[in-house]
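S.K.: Can you read through this structure? Questions will come right after.
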Amino acid sequence: MTSRLCSRLAYTRPAPVGIRLSGVIRPTATTTSTSKSFPPAANLAATRQQERYSSNSPMAPPSHARKKVTIKSLEALYRKGEPITMMTAHDFPSAYVCEAAGMEMILIGDSLAMVALGMNDTSEVTLDEMIVHCRSVSRAAASAFMVGDMPMGSYEISEEQAVQTAIRLVKEGRVQGIKIEGGQEITPTIRRIVKAGIPVVAHVGLTPQRQNALGGFRVQGKSMATAMKVYEDALAVQEAGAFMTVVEAVPAEIASIITKKLRIPTIGIGAGNGCSGQVLVQIDMLGNYPPGRSLPKFVKKYGDVWSESLRAIEQYKTEVKSREYPSPEYSYPTTKEVVEEFEKVVGEK
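Counted from 1, the sequence shown has number 35 at position 20 by this note's numbering; the numbering is strictly sequential.
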């Protein structure tokens, strides 16, 4: 680890509380919320009124309270040999569920190009788009350590460009660290970003942004020569100042040996359980995709969000067509007298 890296030790932000009038929220008070505090009782009535009558009510604070995850706390997990949990998120809802589940790290990965924006691959997403998604995630992730991906085209031209990109991700995207793909060739850039005071997560093995140069999405490290390249890349990014590295699509035994030789944590994705932690793309592990989609070998499907979402939306469609929804239970009432008077007045016009 390097002492030059720093992270936020506390998280606070003003939370507006108000009521909805004519489709606009009129502020009534402002309070400061943290992961350990909730809105004062005096403001709960207004908040609940908004929740009752608004279709876009603010979410309540997470039910659990925990300290902000920092580089120091991640280092402590690494020293204890406790696996570090990381999950991707691309917007407020996907980050909110990660926060509620207690993820130590949230990666706003450039995979959002495909899973959130419908692009063909990660090379299409821009820095401005990444910043929008990072900022959305930051509003939900009060405790998790957030890492933003540096997209293709935002760091290769010069070290100065890379530092500017990293600064924008921190200042505008509100992340605590950045991730950059590459090995020995990217080490001067890593050094410059670290020197600027920004924590860096490296990424070795399969680097999706360079899939064309690699001949596609292929496992790295299966031969002696390629295994040594992954190892040398991992050593190089460590010496350049990265506080952690992702190891992607590398045989489990090779990744385990590399992990033992490093002084920084490794986060595996398709690299076996010998790494210091794991990361998965959230939409993959939740099963939030249509039948027939091809997935990498390493993805375990923990849920079936697609099927449940499809069932619910189809049921909604059926109930709307039959006028079963909305029933009186989901409608706002008024008095019989008002209805009769209204009908009479309208009928006279």
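We put the CB at the ideal spot given by N, CA and C, even for glycine.
Buried or exposed for Gly-197, please, with buried defined as at least 16 other CB atoms from any protein chain shown within 10 angstroms of its CB.
M.R.: Buried.
S.K.: Provide the residue(s) that pair with Gln-293 in DSSP beta bridges, ordered along the chain.
M.R.: The partner list for Gln-293 (beta bridge, DSSP) reads Thr-100, Gly-283.
S.K.: Return yes when the Cβ of Ala-131 is within less than 8 Å of the Cβ of Thr-137, no when it is not.
M.R.: No, the pair does not count as a contact, with Cβ atoms beyond the cut-off.
S.K.: Our contact map puts Gln-3 next to Pro-98 with C-beta atoms below 8 Å; I'd like the distance itself, whole angstroms only.
M.R.: For the chain, the structure presents residues 16 to 364; residue 3 sits outside this window and is missing.
S.K.: Taking all protein chains shown into account, do 16 or more other C-beta atoms lie within 10 angstroms of the C-beta of Arg-233, making it buried, or fewer, making it exposed?
M.R.: When all chains shown are included, Arg-233 counts as exposed.
S.K.: Any idea what DSSP makes of Gly-220, helix, strand or coil?
M.R.: In the structure shown, Gly-220 sits in a strand (DSSP, three-state: E or B).
S.K.: If distances are taken between C-alpha atoms only, which option among Phe-258, Thr-202, Ser-238 comes closest to Ile-213?
M.R.: Among Phe-258, Thr-202, Ser-238, the Cα nearest to that of Ile-213 belongs to Phe-258.
S.K.: Which of helix, strand or coil does DSSP assign to Lys-83?
M.R.: DSSP places Lys-83 in coil when its eight states are reduced to three.
S.K.: Give me the DSSP bridge partner(s) of Val-262.
M.R.: In the DSSP output, where bridge partners are listed per residue, Val-262 has Val-219, Gly-283.
S.K.: Can you give me the C-alpha to C-alpha distance between Ala-159 and Gly-318, rounded to a whole angstrom?
M.R.: Their backbone Cα atoms lie some 22 Å apart in a straight line.
S.K.: Just tell me which of Ala-255, Thr-281, Ala-286 has its CA closest to the CA of Glu-268.
M.R.: Among Ala-255, Thr-281, Ala-286, the Cα nearest to that of Glu-268 belongs to Ala-286.
S.K.: Are the Cβ atoms of Gly-192 and Ile-146 separated by less than 8 Å?
M.R.: Result no, Cβ atoms of Gly-192 and Ile-146 do not sit closer than 8 Å.
S.K.: If you draw a straight line from the C-alpha of Pro-306 to the C-alpha of Lys-82, how long is it?
M.R.: About 39 Å.
S.K.: Which whole-angstrom value describes the C-beta separation of Val-245 and Ile-201, a residue pair presumed to lie in contact below a C-beta threshold of 8 Å?
M.R.: With 8 Å as the limit, Val-245 and Ile-201 do not qualify as a contact, their Cβ atoms being about 14 Å apart.
S.K.: Are Glu-241 and Val-252 touching if we call contact CB-CB under 8 Å?
M.R.: The question names Glu, yet the displayed sequence has Thr at residue 241. Going by C-beta atoms, Thr-241 is not nearer than 8 Å to Val-252.
S.K.: Tell me, please, which residues DSSP counts as bridged to Val-162.
M.R.: Val-162 pairs with Leu-122, Gly-192.
S.K.: What residue from Ser-291, Gln-179, Ala-104, Val-262 has the CA that sits closest to Ala-410's CA?
M.R.: Because the chain spans 16 through 364 in this model, residue 410 falls outside it and cannot be assessed.
S.K.: To the nearest angstrom, how far is it from the Cα of Leu-250 to the Cα of Ser-88?
M.R.: Distance between the alpha carbons of Leu-250 and Ser-88 is about 23 Å.
S.K.: Buried or exposed for Val-262, going by 16 or more other Cβ atoms inside 10 Å?
M.R.: Looking at its Cβ environment, which holds 16 or more other Cβ atoms inside 10 Å, Val-262 is buried.
S.K.: Roughly how many angstroms lie between the CA atoms of Val-209 and Ser-324, to the nearest whole one?
M.R.: Going from the Cα of Val-209 to the Cα of Ser-324 covers about 43 Å.
S.K.: Do Ala-156 and Ile-205 come within 8 Å of each other at the CB atom, strictly closer than that value?
M.R.: No. Outside cutoff.
S.K.: My guess is that Val-314 and Leu-301 are in contact by the Cβ rule of under 8 Å, so how many angstroms apart are they, rounded?
M.R.: Contact flag wrong, Cβ pair sits at about 10 Å.
S.K.: So, at 8 Å on beta carbons, what are the nonlocal neighbours of Met-134 in its own chain, with the 5 sequence-adjacent residues on each side left out?
M.R.: Only Ala-128, Val-140 meet the Cβ criterion.
S.K.: For the alpha helix (DSSP H) that contains Ile-146, what are its first and last residues?
M.R.: Run containing Ile-146: 142-153, per the alpha helix (DSSP H) assignment.
S.K.: Return the first residue and the last residue of the alpha helix (DSSP H) that Glu-352 is part of.
M.R.: That run of the alpha helix (DSSP H) goes 351-362.
S.K.: Nearest to Thr-85 by alpha carbon, out of Thr-103, Ala-104, Met-118, Ala-110?
M.R.: Checked all of Thr-103, Ala-104, Met-118, Ala-110; the closest Cα to Thr-85 is Met-118.
S.K.: So His-218 and Lys-194 are supposed to be a Cβ contact under 8 Å. How far apart are they, rounded?
M.R.: Right, their Cβ atoms sit about 6 Å apart.
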